[in-house]
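*Asks:* Numbering (my numbering), first residue to last: 236 to 514.
Idealized CB from N, CA, C, for every residue including glycine.
Model, not experiment: these values are computed from the prediction.
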């Protein structure tokens, strides 16, 4: 017997180290394609919705809000509930975001249709932004383990400064109006800012690894999500002229908010979404 043959039994009995195999995380072109198709749906429907807001009737408004809400709310809520695998957590977060946007469209779009169907003055002007604010607070409380964390002070102060810088120019082109109009504007700003910040941060609700590992693509995804949902957010409030003129101008704000979600050594949207809200 050779020396090698004498060693084989001992080697055969020696336990071999096992390679730990982790489930592969979908990334690259596949993730970009799937999420891109998902975000294209609200962008296209919202754009068509804005285009039909010139002198619309209540039937059109109710139908548009219903179509937008159902297409987002029903399938994507089921996807968010069904995708339990950890390696699909980013897809699940995007589905949750679209479902939340569909619920908001159903609420505010329904109020807009009701306002048009009623004789003048219709629904009080404060009802719709108040509804958005309450909807945002419900999301905040339901996801309190994710959203109600201590904010990161530096990025939050930067968000405040950027918000003042971006909004300051409007002081010179607008009029202060009456006290009730000023209070209504503050309510509108609070409601719109809360909803936008929640929807921008929600894609990472189930995924804590991607923001820390890929901060650049995190900012891109957050900005793309805001861009896809902007048309629906404007259309649900009946902002035809604002949607046609300012919709494109709002795109950079989404990517700025996405950048604020990554301004940390180890980015964590649970603490950094406050910066997007402040912005």
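Would you identify the three-state DSSP class for residue 359, choosing helix, strand or coil?
*Replies:* Locating residue 359 in the chain shown gives position 124, where the first residue counts as 1. Coil.
*Asks:* Under a three-way DSSP split, which group does residue 453 fall into?
*Replies:* Indexing the chain shown from 1 puts residue 453 at position 218. Three-state DSSP puts residue 453 in a helix.
*Asks:* For residue 490, which residues from the same chain have a beta carbon less than 6 angstroms from its beta carbon, with the 5 sequence-adjacent residues on both sides left out?
*Replies:* Along the chain shown, one-based indexing puts residue 490 at 255. The residues are 458.
*Asks:* Give the single residue among 355, 366, 353 and 362 whose Cα lies nearest to the Cα of residue 338.
*Replies:* Your numbering for residue 338 matches position 103 in the chain shown. Ranking 355, 366, 353 and 362 by Cα distance to residue 338 puts 366 first.
*Asks:* Residue 454: which of 416, 373, 493 and 465 sits nearest, CA to CA?
*Replies:* Within the chain shown, residue 454 is the residue found at index 219, counting from 1. Selected option, being the one with the closest Cα: 493.
*Asks:* Could you check what DSSP says for residue 444 in three-state terms: helix, strand or coil?
*Replies:* Here residue 444 is taken as the residue at index 209 of the chain shown, counted from 1. Residue 444 falls in the helix class under three-state DSSP.
*Asks:* Checking 8 angstroms against the spacing of the C-beta atoms, do residue 340 and residue 314 come in under that value?
*Replies:* Sequence index remark: in the chain shown, residue 340 carries index 105 (1-based). Sequence index remark: in the chain shown, residue 314 carries index 79 (1-based). No; because the gap between Cβ atoms is not below 8 angstroms, this pair is not in contact.
*Asks:* Is DSSP giving residue 310 helix, strand or coil here?
*Replies:* As a first step, residue 310 must be located in the chain shown, where it is residue number 75. Reduced to three states, the DSSP call for residue 310 is helix.
*Asks:* What first and last residue would you give for the alpha helix (DSSP H) that runs through residue 390?
*Replies:* As a first step, residue 390 is located in the chain shown; it is residue number 155 there, counting from the start. It spans 388-403 - the alpha helix (DSSP H) in which residue 390 sits, taken as one unbroken run.
*Asks:* Can the beta-carbon of residue 505 be found closer than 8 angstroms to that of residue 384?
*Replies:* If you number the chain shown from 1, residue 505 lands on position 270. If you number the chain shown from 1, residue 384 lands on position 149. Contact: yes.
*Asks:* According to DSSP, is residue 504 part of a helix, a strand, or is it coil?
*Replies:* Taking the first residue of the chain shown as position 1, residue 504 is located at position 269. Here residue 504 sits in helix by DSSP.
*Asks:* Would you call the segment 368-375 in contact with the segment 463-470, where contact means no fewer than 3 C-beta pairs closer than 8 angstroms?
*Replies:* Contact between the segment 368-375 and the segment 463-470 is absent, because fewer than three Cβ pairs lie under 8 angstroms.
*Asks:* For residue 337, decide whether its Cβ has a neighbour in chain C, counting only Cβ atoms nearer than 8 angstroms.
*Replies:* The structure shown contains no chain C; it is built from a single protein chain.
*Asks:* Unbroken beta strand (DSSP E) runs of length 3 or more, entirely within the segment 414-445: which are they?
*Replies:* Whole beta strand (DSSP E) segments, 3+ residues: zero.
*Asks:* Report buried or exposed for residue 515, applying the criterion of at least 16 other Cβ atoms within 10 angstroms of its Cβ.
*Replies:* Shown here, the chain extends from 236 to 514; a query on residue 515 therefore has no answer.
*Asks:* Rounding to the nearest angstrom, what Cα-Cα distance links residue 497 and residue 287 in this structure?
*Replies:* Residue 497 sits at position 262 when you count from the first residue of the chain shown. Residue 287 sits at position 52 when you count from the first residue of the chain shown. Each residue's Cα considered, the two are about 37 angstroms apart.
*Asks:* What's the call for residue 289, buried or exposed, on a 16-neighbour Cβ count within 10 Å?
*Replies:* Numbered from 1 along the chain shown, position 54 holds the residue referred to as residue 289. Looking at its Cβ environment, which holds fewer than 16 other Cβ atoms inside 10 Å, residue 289 is exposed.
*Asks:* For residue 425, which residues in the same chain have their Cβ closer than 7 angstroms to its Cβ, ignoring the five residues on either side in sequence?
*Replies:* The residue given as residue 425 occupies position 190 in the chain shown. Answer for residue 425: 368, listed in chain order.
*Asks:* Rounded to the nearest angstrom, what separates residue 413 and residue 349 at their Cα positions?
*Replies:* Walking along the chain shown from the start, residue 413 turns up at place 178. Walking along the chain shown from the start, residue 349 turns up at place 114. The straight-line gap from Cα to Cα measures roughly 26 angstroms.
*Asks:* If you run the structure through DSSP and keep just helix, strand and coil, what is residue 350?
*Replies:* Position 115 of the chain shown, counted from the start, is the residue given in the question as residue 350. Correct three-state label for residue 350: helix.
*Asks:* Return the CA-CA distance between residue 402 and residue 441, expressed in angstroms with no decimal places.
*Replies:* By one-based count along the chain shown, residue 402 stands at place 167. By one-based count along the chain shown, residue 441 stands at place 206. Computed Cα separation, rounded: 32 angstroms.
*Asks:* Would you say residue 511 and residue 495 are within 8 angstroms of each other, going by their C-beta atoms?
*Replies:* Position 276 of the chain shown, counting from 1, holds the residue named residue 511. Position 260 of the chain shown, counting from 1, holds the residue named residue 495. Against a cut-off of 8 angstroms, the Cβ pair of residue 495 and residue 511 comes out as a contact.
*Asks:* Look at the Cβ atom of residue 427, then the Cβ atom of residue 335, and state whether they are nearer than 8 angstroms.
*Replies:* Reading the chain shown from its first residue, position 192 is the one you call residue 427. Reading the chain shown from its first residue, position 100 is the one you call residue 335. It is not a contact, given that the beta carbons lie outside the stated cut-off.
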